[in-house]
Each structure stands twice: as structure tokens, then as C-alpha cells.
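In UniProt numbering, the protein residues as written are 1 to 274.
Glycine included, every Cβ here is placed at the ideal spot set by N, Cα and C.
Following this line, the structure appears as C-alpha cells:
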């Protein structure tokens with residue numbers, strides 16, 4: 001069983017206190033979700049960071065954070081809104097620097113409307129315009145991430161096209177920008193918008209895939225259920241993951257953090273992860 005990939009979890013500080021025996025003592029990867037709200041990033045977040053450092057004493061896993069996303073669209077064409085997007089991302093990188101986190105999750109800007117409409121414009125001009133807007137927001141962020149040794153991973157949210165955020169990541173021309181997959185978001189897109197199944201998202205991301213949110217869905221909504229409660233074909237997903245040269249960070253992102261031990265047990269019983 002020790003050759004199975006080790007599961008990490010998306011948590012806040014309070015969850016670390018409750019789940020320390022499972023997460024900290026087993027040195028599982030952690031994605032902190034304390035630092036994506038504007039009021040937190042604009043406030044004094046350092047006491048919370050200090051609390052987290054104390055909770056992680058002796059822990060040797062890999063640490064990431066979820067970057068800001070509510071109201072944050074990196075593809076905005078409005079220069080005043082863009083300045084806020086850049087500011088929030090820079091504030092999140094301040095957190096990474098303080099906690100020595102080396103990965104930050106950000107959200108893809110693409111929607112089903114984009115999938116069906118961007119090709120309406122000649123010469124792929126709408127695709128290029130959207131990427132140019134993203135770069136205008138994020139280029140300074142990417143440069144700072146490079147300096148800090150932080151990897152930015154772009155997570156699918158409403159992406160119907162499994163390739164499009166990988167194309168966006170490559171457009172930054174930086175090893176510091178790679179791809180994240182949220183399995184529940186992909187299943188939602190599959191069930192509601194006719195996107196490919198989740199394992200296809202894994203294969204299409206390929207070597208760019210550096211982070212995965214593991215959560216289950218019924219294909220109707222973004223459920224964040226434990227694996228096994230929805231309809232995702234988990235053996236197919238892990239088969240695709242095991243085809244990669246290296247396994248990305250596997251982060252359980254569940255609505256109810258109390259389900260994390262049960263989710264680990266379910267995937268372990270299936271012989272998929274531990």
C-alpha cells in the first residue's frame with residue numbers, strides 16, 4: 001500500500017487542529033484555504049499565519065494556498081478592476097512568502113460561453129484578446145512568483161474545453177505557471193455542459209498537471225462530496241494519473257472536512273491512494 005500516492009487536504013487552521021493526527025503526523029500535503037477573502041488579505045493575517053506555523057510544527061509535507069477568487073477574474077479588460085486583481089494576487093503571494101508555501105491555486109477565467117462563442121471572431125482574435133488581458137493582470141504576479149519559488153496552478157472552474165487553461169498557462173512562458181484539475185468541476189462540466197469525462201482532463205493536461213482537487217459530483221452542481229458519493233469514475237481517473245511521469249499533488253477538497261478520514265479510507269480500500 002505504501003506505493004500508492006499519499007493524499008493531502010484543503011484545510012483551514014481550525015481543521016488542522018481537529019485533523020492533526022491524520023494530516024500533520026502523516027506529513028500529508030496541505031492546501032491552506034484561510035487566505036482567499038479580500039477582508040483577510042486586506043487585514044492583519046499574520047497572527048493566523050503564526051498560528052498555522054505552530055500547528056505545523058514538525059510537519060514535513062508540501063504547503064500551498066488557495067489564492068483569491070471571489071470576484072477575481074484575471075481576464076478582466078477593465079484596467080481599474082485589473083489593478084485590484086493584481087493587488088489581491090500579490091497579497092496572496094505575501095502569505096506564501098511568510099509561510100514558505102510553494103504553490104498557489106488560481107481560477108481559470110473560461111466559461112461555457114467562451115467555448116461556444118470565441119471562435120465566432122475571426123483569426124482567433126477573441127482567444128488572443130482574453131489571453132492578453134490575463135497577462136496584463138498576472139504578468140507582475142508571475143514574475144514575483146518566480147522570485148519566491150511559488151508555482152501558480154490554474155484550476156478549471158467552468159472550463160468545458162480541457163485544453164484551454166493549459167494553453168493559457170503556456171502563454172505566460174514561465175515554469176512558474178502550470179495547471180490544476182478540480183475533478184468535481186470537471187464532472188460538473190461533463191454532466192451539465194457536455195464536456196469530456198474527468199480522466200480526459202487528466203490526460204489532456206499531461207505534464208502540466210501539478211495539482212488536483214479531489215471531490216465528487218453528480219454532474220449537476222459543484223458538490224464537493226467525498227469520492228464515492230457522486231458519479232465520477234475514480235479508477236479511470238487514477239489510471240490516467242498513474243500514466244503521468246509524476247503524480248501531482250492530490251488534495252481532497254471537501255465541503256465537510258469531517259469526511260476527509262472517510263474519503264481517505266474509501267480511496268485506500270479501492271487501492272487507488274492512501
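Measuring alpha carbon to alpha carbon, tell me which of 119, 215, 190 ends up nearest residue 158.
It is 190.
How is residue 259 classed by DSSP in three states: helix, strand or coil?
Helix, per DSSP.
Which value, in whole angstroms, describes the spacing of the CA atoms of residue 164 and residue 122?
Approximately 18 Å between the Cα atoms of the pair.
How about residue 234 and residue 259: are their beta carbons less than 9 Å apart?
Going by C-beta atoms, residue 234 is not nearer than 9 Å to residue 259.
Which whole-angstrom value describes the C-beta separation of residue 167 and residue 232, a residue pair presumed to lie in contact below a C-beta threshold of 8 Å?
About 25 Å separates the two Cβ atoms, so there is no contact after all.
Whose C-beta lies closer than 7 Å to the C-beta of residue 146 among residues of the same chain, with five residues either side of it excluded?
Cβ within range, chain order: 174, 176.
Leaving out five residues before and five after residue 98 in sequence, what residues of the same chain have Cβ atoms less than 6 Å from its Cβ?
Contacts found: 49.
Start and end of the beta strand (DSSP E) containing residue 302?
Limits of the chain in this structure are 1 at one end and 274 at the other, which puts residue 302 out of reach.
Could you give the first and the last residue of the continuous alpha helix (DSSP H) run that contains residue 253?
Counting along the chain, residue 253 falls outside any alpha helix (DSSP H), and DSSP gives it neither H nor E.
Skipping 5 residues on each side, what residues in its chain have a beta carbon closer than 8 Å to that of residue 46?
98.
In angstroms with no decimal places, state the Cα-to-Cα distance between residue 253 and residue 185.
One C-alpha to the other measures close to 11 Å.
So, with DSSP's three-state summary, where would you put residue 31?
Looking at residue 31 - three-state DSSP - the assignment turns out to be strand.
Select from 107, 94, 44, 181 the residue whose C-alpha is nearest the C-alpha of residue 69.
Comparing Cα positions, the closest option is 107.
Measure the CB-CB distance between residue 161 and residue 187 and report whether it falls below 9 Å.
No; because the gap between Cβ atoms is not below 9 Å, this pair is not in contact.
Going by Cα to Cα distance, which pick from 134, 96, 91 is closest to residue 76?
It is 134.
Tell me which residue opens and which closes the alpha helix (DSSP H) that residue 247 is part of.
Premise fails: residue 247 is in no alpha helix (DSSP H) and is neither H nor E.
Are residue 23 and residue 63 touching if we call contact CB-CB under 9 Å?
Not closer than 9 Å, so no.
Between which two residues does the beta strand (DSSP E) harbouring residue 80 extend?
Run containing residue 80: none in the beta strand (DSSP E); it sits in the alpha helix (DSSP H), 79-99.
Just list the residues that DSSP pairs residue 179 with in beta bridges.
Answer is 154, 209, bridged to residue 179.
Using the C-alpha atoms, what's the distance from residue 170 back to residue 131?
About 10 Å.
Restricting to Cα atoms, I'd like to know which of 257, 238, 154, 17 is closest to residue 6.
Ranking 257, 238, 154, 17 by Cα distance to residue 6 puts 238 first.
Is residue 107 helix, strand or coil when you go by DSSP?
The answer is strand: DSSP assigns residue 107 an E or B state.
Just to confirm the assignment, what range does the beta strand (DSSP E) spanning residue 65 have?
Run containing residue 65: 63-66, per the beta strand (DSSP E) assignment.
Determine the extent of the beta strand (DSSP E) in which residue 280 is found, giving its start and end residues.
The structure shown does not extend to residue 280, since the chain is modelled only from 1 to 274, so the question has no answer here.
Please classify residue 149: is it buried, with 16 or more other beta-carbons within 10 angstroms of its beta-carbon, or exposed?
When all chains shown are included, residue 149 counts as exposed.
Run through DSSP, which three-state label would residue 73 get?
Coil, per DSSP.
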